[in-house]
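Residue numbers (the working numbering), protein chains in the order written: chain A, 643 to 1176; chain B, 15 to 342. Note that beta-carbon positions come from the ideal geometry of N, C-alpha and C, so glycine has one too.
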Amino acid sequence: MTIEPRAFLTLDTGAATIAAALIGRVDGRWRLVGSISMPAGADVDAVVGVMGDRAVAADPALAAALDLRRGGSVDLPRLEGTSHPPRQMAVLAASERAIDPLVATASRSGWHTVSGSMEATDPLAMSELLLRAGVSAVLVGAGAPPAADERRLLGELAALVAAVAARRPDLTIVLAGGMTDLLHAFGDLARRPGEVVFAPAAQRDLPGGPLADLLIELALPPDDAHRALGSGAMALAEVLDRRVDVVEIGFDAGTRAGALPGVGGGPPSVDLAVVPTAALAPADPDDSVVDRVGRWSTWGADRHRLRDRLRELRIAPWADAAGEGATLRMAAARAALERLDEWTPEWADRPPADLVVATGGVWAVAPAPTIALALVDVLRRPGVGQFALDHARILAPLGSIPDSDERRAMVADLVDDLLAPLGTFVTPAGMRDGRSAGSVVVRGPFGETRLDMMPGGLALVDLPPGAAAVAEFRFRDTVQLGGRGRHFAIDVTGGLGGLVVDLRHVPLRLPDRADLRGELLDAWQTSLVRSPVG
Amino acid sequence: MNADDVRLVPARRLVVAPVDAAFELSPGDRPMVSAGDSVVVGAPIAERLRDPRFDETEVPAAADPHPGGRWAGQSRRGQERGAGGELIYEWHGRWRVATGDVADVVESPFAGIVRHVRPGTAITIRAAGRGIRGIVALGGPTRGRLQLGTDSELRSGGLDVGSAGTILVVGSRVDAETLTRARAMGVCGVVVAGLSSKERRDFLASEARQRAALHRLPPFAVLVLDGALRRPLAGAVQAVIGALAGREVAIVTDPPMLVFDMPNLVIPPPPVDFVRIRGGSLAGREGTFVRAIGPRRFTGGAHLEAGIVHLPDGTDAAVPLGDLERFV
């Protein structure tokens, strides 16, 4: 006889954070009973035990209904997602012109990349690059058909890669575009343990697509949490029937999943990008990384001190999480979001998502308005967007459920629990500086709130989670807010950060002087945590 | 104390065994050992080319040329043999050979057994002994007698020639000038808790300049045990290092580690509830973990899971669990 469990655990184990959640069957549906996040390196059973015991202590009646007793949570079934550290791929091409789209595609597909072209790199250096112990795959590509500047060098490139493939039979070789014609250079593939894979050519200015999908398949094992976020986002889009973007800033990579519900009976779709260079704190932060973090920092540290702190953040990501450490984390998170945005340019050509869900360990200890502000500072689009937080980190474990119907049913049960609403941001673009842009009236369950809109700042309306309202905007000039116009009536919902009318520039303009920049960032931050209007 | 509570504190291994250390090779470098070989301390394991280059040559089929194979070069009339090296790939009937004029010998800094030899990539040797893991090691593999230095920051003026041939433990922090002077005075290596990014960059630049010179440099390495900020060495690590003082140890870079071969050295595990504070205002202090107290509000409004730590001065402190570490 099989007894169906009344409770189970989800575990999202990453390189920096262990996130556990307790899911229980309550009144015929699955509900989130409790959750906890701890630094990686802690004992997983101890973490689960503490969470279970807290749930038992908080509501003994519910615990009894779930057949949960003190110390018993460690025996519950587990649904696990694990973030695997990205591996390294050598990306090679005949010409410099051909290498850029290949690097752009591989770098957003779960791989750390090193690259070289026959045109610009010494063959000895290319051999050294391919033989490095850390390199576990090679992407060698050409146009389809190869361009004139590639053709004369392709033969030697194939000979070089084939020689390394013979020496390192474990190496995965991906031949893209015109390189597939040179398969004969690789000899008898049947005797080779490492795969040799045919792939379509990379597309210039479009780093997503079939090649990216293939590279993600090769990069991440099926149970990987980054990959499961894609499936989780798709289930969420189906359940909510809305365009959903999931944005994760993790210890080893940043992930972006854009999901669309099925339209007209068609299947839902998802585009997934996993960008290792968008990790919170890269292992060896170069000047560009440090300067970017410095640009978002209100701390005023010089480059060397900032680099030291970023190295410490890499070594012990949960240490120093209070005070200045919290500020540094949010600056590093914004810088990582910027890198994620840059490696996924195709997102800019899509309609803005209805809901943006933040996930990842970096947000675990940040206040809700701060998280929403960090997202909207970087991922700026004119329009109206709702922001939410996967606060219990259960989206990736749910995404790892292999059966899509079962996954969707589970997400449907848990949708109210898994998302903590951060708030709604209304971001108009095209206002004139130096004078009032108009006014907004918010009519909600708690009455009416009227605001004058001064460009350059943030206006906060207190709208609690779950509350719905209508915001009626009257601008003096034509602005862009989804469409172009002067009068808009928008349905908005509340959140932990309320309703925020973001009257700053799109994209954001920050002063060059560090002290002025710090003051401005501080002022924006403060305006969201002080008492709101309404 | 609840025994489960302390398991919430991130654990760090005090001593690691076995130790598999990799010695990086580049195309053209010549391994001098094979898998399964037993090596002693100081045994040559590879020849590393100082300025490798590619030569093109015809190799007769009778020589069974293949990628990764060695080519000794053909005798020329009235001359020594031609340029030899590592065969890399064949193109239009001619082989590209990685070769060079000057090679340095790489010696094994510890005794062990060769596990893998991959020409052009690395030699992996399993050390006879155990290791203390660091964050990063700069320089190359080295060995020497372990000498305890100052507990705080070592200045260049504090070095003397009596330290030649040693691996010096210098405490909380060191600057690039001291490292450069230590190398010049014959010190074989330095073990330090923290090395800032600026000192790291300056030291690496100095190393690069010296390596560009023609003469061979003696092996030297800097092993950083904790991070980039100033903090004292952990008490548990200090205890092991204290027991190793005066003994031959090695520093390897991949993984960054201090390796020692003292089978009779008994290292008692630290008390289960012994924790070290590695971040926050109490960074560097150590104490006894009392219990977990759940989420607490800390500076800046951050809500963090915390625990009570009893400090040696008799006080108790609530510390975020993320700021703690324990040794196992």
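Close-in-space but distant-in-sequence residues of the same chain around residue i (CB under 6 Å, 5 per side omitted)
i: Pro32/B; result: Arg140
i: Phe1115/A; result: Val1082 and Phe1130
i: Glu121/B; result: Gly56 and Pro58
i: Val1007/A; result: Ala963
i: Val344/B; result: Chain B is shown only over 15 to 342; residue 344/B falls outside these bounds and no answer can be derived.
i: Leu795/A; result: Ala736 and Met760
i: Gly1176/A; result: Interpretation of Gly1176/A is limited by its pLDDT of 48, a score under 50 that renders its predicted location unreliable; the figure taken from the coordinates is listed afterwards. Here the set comprises Thr1091, Val1103 and Asp1104.
i: Val147/B; result: For the record, residue 147/B in the displayed sequence is Arg; it is not Val. Taken in chain order, the residues that qualify are Val30 and Met271.
Nearest to residue i (by Cα), restricted to the options the options
i: Arg278/B; options: Arg261/B, Leu218/B, Ala207/B and Leu160/B; result: Checking the displayed sequence, the identity of residue 278/B turns out to be Asn instead of Arg. Comparing Cα positions, the closest option is Arg261/B.
i: Arg110/B; options: Gly776/A, Gly896/A, Val886/A and Leu802/A; result: Leu802/A
i: Trp985/A; options: Gly666/A, Pro647/A and His754/A; result: His754/A
i: Phe1117/A; options: Arg1155/A, Pro1149/A and Asp1075/A; result: Asp1075/A
i: Ala852/A; options: Glu770/A, Val1142/A, Val912/A and Ala706/A; result: Note on identity: in this sequence residue 852/A is Pro, with Ala being the wrong assignment. Of Glu770/A, Val1142/A, Val912/A and Ala706/A, the residue nearest in Cα terms is Val912/A.
i: Gly797/A; options: Val1171/A, Leu825/A, Asp764/A and Thr1135/A; result: Leu825/A
i: Asp1047/A; options: Glu1090/A, Gly908/A, Glu880/A and Asp847/A; result: Glu880/A
i: Val29/B; options: Gly308/B, Arg21/B and Asp275/B; result: Asp275/B
i: Gly670/A; options: Ala1051/A, Arg1151/A and Gly1140/A; result: Ala1051/A
i: Leu1100/A; options: Arg1128/A, Leu1145/A and Pro1106/A; result: Leu1145/A
i: Ala707/A; options: Asp695/A, Ala649/A, Gly723/A and Val692/A; result: Ala649/A
i: Thr659/A; options: Gly683/A, Ser769/A and Arg750/A; result: Gly683/A
i: Thr113/B; options: Gly145/B, Phe124/B, Thr135/B and Ala86/B; result: Ala86/B
i: Ala657/A; options: Pro959/A, Trp938/A and Leu1017/A; result: Pro959/A
i: Glu646/A; options: Ala663/A, Val1068/A and Leu718/A; result: Leu718/A
i: Leu1064/A; options: Leu857/A, Ala1038/A, Arg945/A and Phe1029/A; result: Phe1029/A
i: Glu72/B; options: Asp65/B, His80/B and Pro66/B; result: His80/B
i: Ile149/B; options: Val205/B, Leu318/B and Ser52/B; result: Val205/B
i: Val280/B; options: Val254/B, Ser40/B, Thr192/B and Val236/B; result: Val254/B
i: Asp687/A; options: Ser715/A, Arg711/A, Thr1168/A and Leu674/A; result: Ser715/A
i: Asp118/B; options: Pro41/B, Leu239/B, Leu63/B and Arg290/B; result: Leu63/B
Cutoff 7 Å; reference residue i; Cβ partners in own chain excluding five residues on either side
i: Ala242/B; result: Gly208, Leu209, Ser210 and Ser211
i: Pro246/B; result: Asp165, Gly185, Ser186, Ala207 and Gly298
i: Arg956/A; result: Ala923 and Ala925
i: Leu231/B; result: Gln224 and Arg225
i: Met15/B; result: With a pLDDT of 49 at Met15/B, under the threshold of 50, the modelled position of that residue is not reliable, and the figure given next carries that caveat. Cβ within range, chain order: Asp287, Phe303, Val304 and Arg305.
i: Arg696/A; result: Gly676
i: Arg848/A; result: It is worth fixing the name first, because residue 848/A is Leu in this sequence and not Arg. Cβ within range, chain order: Glu988.
i: Pro1107/A; result: Pro1063, Gly1136, Gly1137 and Leu1138
Identified DSSP bridge partners for residue i
i: Gly241/B; result: Gly208/B
i: Asp69/B; result: Val111/B
i: Val119/B; result: Glu61/B
i: Leu724/A; result: Sequence check: residue 724/A is Thr here, not Leu. Answer is Thr655/A and Asp866/A, bridged to Thr724/A.
i: Val289/B; result: Gly301/B and Arg340/B
i: Pro1063/A; result: Ala1030/A
i: Met271/B; result: Arg147/B and Val266/B
i: Asp34/B; result: Arg140/B
i: Thr1090/A; result: Going by the sequence as given, residue 1090/A is Glu instead of Thr. Answer is Arg1085/A, bridged to Glu1090/A.
Own chain partners of residue i with C-beta closer than 8 Å, once the 5 adjacent residues on each side are dropped
i: Pro285/B; result: Thr302
i: Pro24/B; result: Leu335, Gly336, Leu338, Glu339 and Arg340
i: Asp1164/A; result: Thr940
i: Pro1174/A; result: Only weak support exists for where Pro1174/A lies, its pLDDT of 49 falling under 50; the value from the coordinates is given anyway. Excluding sequence neighbours, Pro1174/A sits near Leu1102, Val1103, Asp1104 and Gly1140.
i: Gly829/A; result: Ala804 and Ala808
i: Ala1079/A; result: Pro1070, Met1073, Met1095, Met1096, Pro1097, Phe1117, Arg1118, Asp1119, Val1121 and Leu1145
i: Pro765/A; result: Glu798 and Leu802
| query | Are at least three pairs of beta-carbons, each pair with one atom in the segment 1006-1014 of chain A and one in the segment 903-910 of chain A, less than 8 Å apart? | reply | Judged by Cβ distances under 8 Å, the segment 1006-1014 of chain A makes no contact with the segment 903-910 of chain A, as fewer than three pairs qualify.
| query | Three or more beta-carbon pairs under 8 Å between the segment 954-969 of chain A and the segment 297-315 of chain B, yes or no? | reply | Because the criterion of three Cβ pairs below 8 Å is met, the segment 954-969 of chain A and the segment 297-315 of chain B touch.
| message | Give the list of continuous alpha helix (DSSP H) stretches no shorter than 4 residues that lie fully inside the segment 680-708 of chain A. | response | Restricting attention to alpha helix (DSSP H) runs no shorter than 4 residues, the segment 680-708 of chain A encloses them at 686-700 and 702-707, ordered along the chain.
| query | Touch check for the segment 153-165 of chain B and the segment 243-263 of chain B: three-plus C-beta pairs under 8 Å? | reply | Touching, yes, given that three or more Cβ pairs across the two stretches are closer than 8 Å.
| message | Restricting to runs no shorter than 3 residues, where is the beta strand (DSSP E) found entirely within the segment 727-787 of chain A? | response | Counting only runs of 3 or more, we get 729-735, 753-759 and 777-784.
| task | Identify every run of the alpha helix (DSSP H) within the segment 987-1048 of chain A, keeping only runs that are complete inside it and at least 4 residues long; order them along the chain. | result | Runs of the alpha helix (DSSP H) lying entirely within the segment 987-1048 of chain A and spanning at least 4 residues, in chain order: 1010-1020 and 1037-1041.
| query | So, do the segment 732-744 of chain A and the segment 767-782 of chain A have three or more beta carbon pairs nearer to each other than 8 Å? | reply | By the C-beta criterion, the segment 732-744 of chain A is judged to be in contact with the segment 767-782 of chain A, since at least 3 inter-stretch pairs fall below 8 Å.
| task | Would you check if the segment 671-682 of chain A and the segment 1019-1035 of chain A touch, i.e. whether three or more CB-CB distances between them fall below 8 Å? | result | Segments in contact, yes.
| message | Threshold first: 3 residues or longer. Then list the beta strand (DSSP E) segments lying entirely within the segment 1092-1143 of chain A, N to C. | response | If we require 3 residues or more, the beta strand (DSSP E) runs fully inside the segment 1092-1143 of chain A come out as 1100-1103, 1110-1123 and 1125-1135.
| task | State whether the segment 993-1007 of chain A contacts the segment 876-893 of chain A, with contact taken as three or more CB pairs (one from each stretch) at a distance under 8 Å. | result | Between the segment 993-1007 of chain A and the segment 876-893 of chain A, the count of C-beta pairs closer than 8 Å reaches three or more; the two stretches touch.
| said: Could you check whether the segment 854-868 of chain A touches the segment 1016-1025 of chain A, counting it as contact only if at least three pairs of C-beta atoms, one from each stretch, sit closer than 8 Å? | reply: These segments do not touch.
| said: Which runs of the beta strand (DSSP E) at least 3 residues long sit entirely within the segment 120-198 of chain B? Give them in chain order. | reply: Correct list: 126-132, 136-141, 144-147, 150-153, 156-162 and 180-183.
| Whole beta strand (DSSP E) elements within the segment 843-917 of chain A, 3-residue minimum | Counting only runs of 3 or more, we get 886-891, 896-902 and 911-917.
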